[in-house]
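Residue numbers (the working numbering): 1140 to 1307.
Backbone N, C-alpha and C fix where the C-beta goes; we use that ideal spot for every residue, glycine too.
Note that the structure is a prediction, hence the values are computed from the model and not measured.
A short worksheet on the structure shown next.
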């Protein structure tokens, strides 16, 4: 049984993340989705809570053909301890999948195999680009799964983000 760990902040979960997960579902038997920076919310880079991101991801992956687990991962202020922290929070895994350079470095130093899945339309499908559209009242819905649109509306996420932008 091959179990992978895909780590990201998912602020918000967008079509690029979904494309990566669809690809990973062809490589692993089970997938753990680790929501990084789970302890941070309500700021410019992290407008959504861990629980809101769990909801976005779980709803968007409803039809995924393999078992998956969505697990919030809080930051620890000592990078050297972070891998041990992650390992204590998630089921055992064989390989880490991420494009984050720090996460790659930390897991490699811990002797854990790391692969960087190909990014999907990175220019328009980055969390930063999607959040920027949301903050500026531009069309953003086409860049995220429809389930994420529903969650953002349900939690009044755009109004929150625009309020955060005003106070920053």
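Using only the alpha-carbon positions, how far apart do residue 1287 and residue 1276 sit? A straight line joining the alpha-carbon of residue 1287 with that of residue 1276 spans about 17 Å.
My assumption, with CB atoms under 8 Å, is that residue 1284 sits in contact with residue 1189. Please give the rounded CB distance. 18 Å between Cβ atoms; not a contact.
At least three beta-carbon pairs within less than 8 Å, the stretch 1149 to 1156 to the stretch 1182 to 1197: With a cut-off of 8 Å, the stretch 1182 to 1197 and the stretch 1149 to 1156 count as touching, because enough Cβ pairs lie within range.
When the Cα of residue 1228 is compared with those of 1215, 1141 and 1194, which residue comes out closest? Taking only the C-alpha atoms, the option nearest residue 1228 is 1215.
Starting from the C-beta of residue 1196, find all residues in its chain whose C-beta is less than 7 Å away, skip the five residues before and the five after it, and write them out in chain order. Answer for residue 1196: 1149, 1152, 1172 and 1209, listed in chain order.
Just curious, the beta strand (DSSP E) that residue 1282 is in, first and last residue? Per DSSP, residue 1282 belongs to no beta strand (DSSP E) and is neither H nor E.
Assuming residue 1160 and residue 1212 make a contact with CB atoms under 8 Å, what is their CB distance in whole Å? Contact flag wrong, Cβ pair sits at about 17 Å.
Is the beta carbon of residue 1302 sitting closer than 8 Å to the one on residue 1274? The Cβ-Cβ distance between residue 1302 and residue 1274 does not fall below 8 Å.
Alpha-carbon spacing of residue 1255 relative to residue 1239, whole angstroms: Rounded to whole angstroms, residue 1255 to residue 1239 spans 8 Å at the Cα level.
Using C-beta distances below 7 Å, list every residue in its chain close to residue 1271, excluding the 5 sequence neighbours before and after it, in chain order. Beyond the five residues adjoining it in sequence on each side, residue 1271 comes within less than 7 Å, by CB distance, of no other residue in the same chain.
Apart from the five residues just before and just after residue 1297, which ones in its own chain have a Cβ nearer than 7 Å to its Cβ? Only 1273 and 1291 meet the Cβ criterion.
Where residue 1142 sits in the DSSP three-state scheme: Residue 1142 falls in the strand class under three-state DSSP.
Distance CB(residue 1237)-CB(residue 1225) smaller than 8 Å: No Cβ-Cβ contact shorter than 8 Å links residue 1237 with residue 1225.
Relative to the alpha-carbon of residue 1250, which residue among 1222, 1144 and 1268 has its alpha-carbon at the smallest distance? With distances taken between Cα atoms, residue 1250 lies closest to 1222.
Could you tell me whether the Cβ atoms of residue 1232 and residue 1144 are closer together than 8 Å? Judged by their CB atoms, residue 1232 and residue 1144 are nearer to each other than the 8 Å cut-off.
Report whether the distance from the Cβ of residue 1270 to the nearest heavy atom of the ligand FAD is below 7 Å. No copy of the ligand FAD occurs in the structure displayed, which carries no ligand at all.
Given that a residue counts as buried once 16 or more other Cβ atoms are within 10 Å of its Cβ, and exposed if not, what is residue 1305? Exposed, because fewer than 16 other Cβ atoms sit within 10 Å of the Cβ of residue 1305.
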